[in-house]
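Read through the structure below, which is laid out as structure tokens, and then see the notes.
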Amino acid sequence: MSTIALPRVEPALPAGPAKKRLSTWQTWGLILIAPYVLVFLVFVLYPIGYGLWLARHPDSYVRLVEDPIFTRSVINTLVFLIVGINIKMVIALFLSGFFVQARWWIKWLSLLFILPWAVPSIPTILSIRFMLNPEWGIINSVIFRVTGLDGPNWLNDPTIALAMAITVHIWKSLPFWTLILIAGRLAIPAEHYEAASVDGASTWQKFRFITWPSMRTLYLTSTILSMIWTLGDFNSVYLLTGGGPADLTHVLATLGIRYLRLDQVDLAMAAIVCALPLVLPLVYFMMKRLSK
Amino acid sequence: MKLKHVTAEAKLLLIGIPVLLWTMLPIYHLFLFSISPKESAFAGKLWPDHPTLHNFEVVFREQHYYLNHFWLQLWNSLLIAVSVGALTLLVATGAAFAISRLRVKGGRLVMNLALLTYFIPAAFLAVPMYKTMGNYGLLNNQWALILAMITIASPYSIWVLKQASDKLPYELDEAARIDGASPLQLFRLVYVPLMMPSLVAIGTYALLLAWNEYLYAFLLLSNEKQITLGVALGNFLAADDSPWELLMTVGLIYALPPAAIYYAFKRYMVGGLTAGAVKS
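Protein sequence lines correspond, in order, to chains P and X. Residue numbers for the first sequence follow the numbering used here, so the first one is 6 and each next one is one higher. Residue numbers for the second sequence follow the numbering used here, so the first one is 192 and each next one is one higher.
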């Protein structure tokens, strides 16, 4: 499960006693912050340093680039991010407009809508995997009953399989981003819409001139954050296709783990280092937005 | 006027029905398999001719090769999730209190480092984390998973708690101090009671994150008596003739607690976790 944090206004710092503070307060501050600092040093800083050290040989990168699976994974990752995330965010933006409508049944629907995000990935993704089974799956069985034709062999064609992995990703994380964008829409004062209605604005005009200008920043931040997290989405691909058929649907997240399982840690780390030019600008953008 | 109202309603339904189908189909499918005999499940029926609770009986009695340790694995999941929830709460509350209320030196740096950690894609950190746990001799030890999940859950927790702490009036601290309260008394008697809603949200967040985790659990644990129920589900796939109806039954059982916890704490979760989503 993933969660988001987007900026809020920093409260004014209370003036005054910072300098005069007793040192016992500083001492207690250090004691209370120490556990997290320890966690950070032992389980974040050291692993990253060690990992980069393992990936220090140029030779690893040569072997990585020569591996045809790597090139394919980079392309798949880009498709996943650029196509998948944008489709997801546009749908989330649209559905956030649907869910803010005041109807009793939409309230109930919104309770169910959150389920894919709240429950663990593995049972639901395996459920989808079986639904897509060409012989016994419910989807092809319905296709056969309705049209009399055999449905596609969903997970055996690399293009369709990747599209299905993206679909699974969207199914899983759409509720979360819709929730965030709903919060954004609810923050827009209702008077703006009332005034626009009085002036005879159409639905599209209301969206174009009221909703979008106030949601633009939130939408962009959400898209970037979703891209960063999706780079680490191992489950959607691994549990649905396992990287197959013929290792053609790997993304960088599953490729790294694949090398790790094959005991080629230097290649795993090298693949991650190759993703850094993509990750770092996104992270820089988020840090600038969040750390004030 | 009336007609206009009806068309508006119909348009909403035209969106609502596909959304309902899209959301519920995989979950309904999970449920369908759990109440279907094997042959019926594989026939692609939308409702079994003879619904049965037989699958649950097999699972609860551990009557299948893959289910030998079902109860133990359920217990492992619970133990790990509760430990991660409690320990993350401890680590994150201490850090947020120190940064926000005690203004500890270097607090801002720690906050930024935590945020940076939050932006590392999970599968990328998993690779060096696995090797590191090996170096520490923790592989196949449940502490490895607990510590890894604390590492992943803490940054966001500290951030949310710090945002909430910053909103408490500073006069409270001063009043407590003038009355001669120690930092610990301030923490216990003023800070924790006021922060309760955020603490509930963060504890639940960390607990669900750990319960739902697959990748780290599958990398760090492999002994079938140590693994969580999620990893056990993945192991079902090792065989060609996986007993899918049992897999789905276990999956449904595994998915129910987080859904229930989410609904029980929804009030805190939505408020706490989307906090700050809205800023001009």
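Cβ atoms here follow ideal geometry from the backbone N, Cα and C, with glycine treated the same way. Being a predicted model, the structure only gives us computed values, none of them experimental.
Do you know how far the Cα of residue j is from the Cα of residue i?
i	j	result
L37 of chain P	V318 of chain X	30 Å
P16 of chain P	K353 of chain X	Bear in mind that the predicted position of P16 of chain P carries a pLDDT of just 46, short of 50, making it too unreliable to give a figure here.
V124 of chain P	A450 of chain X	6 Å
D432 of chain X	D238 of chain P	28 Å
P286 of chain P	L116 of chain P	36 Å
G325 of chain X	L410 of chain X	11 Å
L258 of chain X	V250 of chain X	6 Å
L304 of chain X	G394 of chain X	21 Å
L86 of chain P	T152 of chain P	34 Å
L272 of chain P	D72 of chain P	10 Å
A289 of chain X	G89 of chain P	40 Å
M320 of chain X	I193 of chain P	43 Å
K211 of chain P	Y198 of chain P	7 Å
P157 of chain P	L244 of chain P	20 Å
E365 of chain X	V301 of chain X	25 Å
L375 of chain X	S356 of chain X	16 Å
V461 of chain X	R61 of chain P	43 Å
A372 of chain X	T279 of chain X	26 Å
L260 of chain P	I74 of chain P	8 Å
I238 of chain X	V278 of chain P	One point to set straight first is that residue 238 of chain X is Trp, not Ile, in the sequence displayed. Rounded to whole angstroms, W238 of chain X to V278 of chain P spans 49 Å at the Cα level.
S345 of chain X	W334 of chain X	16 Å
P19 of chain P	Y361 of chain X	Its pLDDT being 49, under 50, P19 of chain P is placed unreliably by the model, and the measurement read from it follows with that caveat. If I take the Cα positions, the gap works out to 7 Å.
A97 of chain P	A188 of chain P	12 Å
R221 of chain P	F214 of chain P	11 Å
L306 of chain X	A199 of chain X	44 Å
A287 of chain X	R379 of chain X	14 Å
W2 of chain P	I369 of chain X	Here chain P covers residues 6 to 297 and nothing more, so residue 2 of chain P does not appear.
P209 of chain X	H196 of chain X	21 Å
A429 of chain X	Y51 of chain P	34 Å
I165 of chain P	L281 of chain X	46 Å
L244 of chain X	S225 of chain X	8 Å
D155 of chain P	V270 of chain P	43 Å
A446 of chain X	I53 of chain P	33 Å
P388 of chain X	S274 of chain X	20 Å
Does the distance from the CB of residue i to the CB of residue j come in under 8 Å?
i	j	result
V95 of chain P	R190 of chain P	no
L223 of chain X	I127 of chain P	no
G235 of chain X	I143 of chain P	yes
Y459 of chain X	A392 of chain X	yes
S146 of chain P	W182 of chain P	no
V44 of chain P	I341 of chain X	yes
L236 of chain P	V284 of chain P	yes
A397 of chain X	G285 of chain X	no
R77 of chain P	L253 of chain P	yes
G56 of chain P	K322 of chain X	yes
W435 of chain X	F135 of chain P	yes
L167 of chain P	V288 of chain P	no
R263 of chain P	H255 of chain P	yes
L114 of chain P	L338 of chain X	no
L221 of chain X	N240 of chain P	no
A367 of chain X	V383 of chain X	no
S348 of chain X	A283 of chain X	yes
L437 of chain X	H255 of chain X	yes
V173 of chain P	I133 of chain P	yes
How many whole angstroms separate the CB atoms of residue i and residue j, which I take to be in contact at a CB cut-off of 8 Å?
i	j	result
W350 of chain X	Y309 of chain X	7 Å
P121 of chain P	W159 of chain P	With a Cβ gap of about 19 Å, P121 of chain P and W159 of chain P do not count as contacting.
W402 of chain X	S268 of chain X	6 Å
V295 of chain X	L69 of chain P	Their Cβ separation, rounded to whole angstroms, is 43 Å, which puts V295 of chain X and L69 of chain P out of contact at 8 Å.
L263 of chain X	K416 of chain X	6 Å
T440 of chain X	F247 of chain X	6 Å
L474 of chain X	A408 of chain X	One cannot answer for residue 474 of chain X here, as it falls past the ends of chain X, which runs 192 to 471.
L186 of chain P	S101 of chain P	4 Å
A314 of chain X	A258 of chain P	4 Å
A275 of chain P	Y66 of chain P	5 Å
G207 of chain X	I111 of chain P	7 Å
I343 of chain X	T129 of chain P	Between T129 of chain P and I343 of chain X the Cβ distance is about 21 Å, and since that is not below 8 Å, they are no contact.
I233 of chain P	M291 of chain P	7 Å
Could you work out which residues of chain A lie near residue i, taking near to mean beta carbons separated by less than 7 Å?
i	result
K296 of chain X	Absent here is chain A; the protein component of the structure consists of chains P and X.
Could you name each continuous alpha helix (DSSP H) segment of 4 residues or more that falls completely within the region 195 to 227 of chain X, going from the start of the chain to the end?
none
Only counting runs of 4 or more residues, tell me where the alpha helix (DSSP H) segments fall wholly within the region 108 to 182 of chain P, in order along the chain.
109 to 118, 120 to 123, 126 to 136, 143 to 152
Whole alpha helix (DSSP H) elements within the region 195 to 273 of chain P, 4-residue minimum:
195 to 203, 208 to 211, 217 to 236, 240 to 243, 257 to 266
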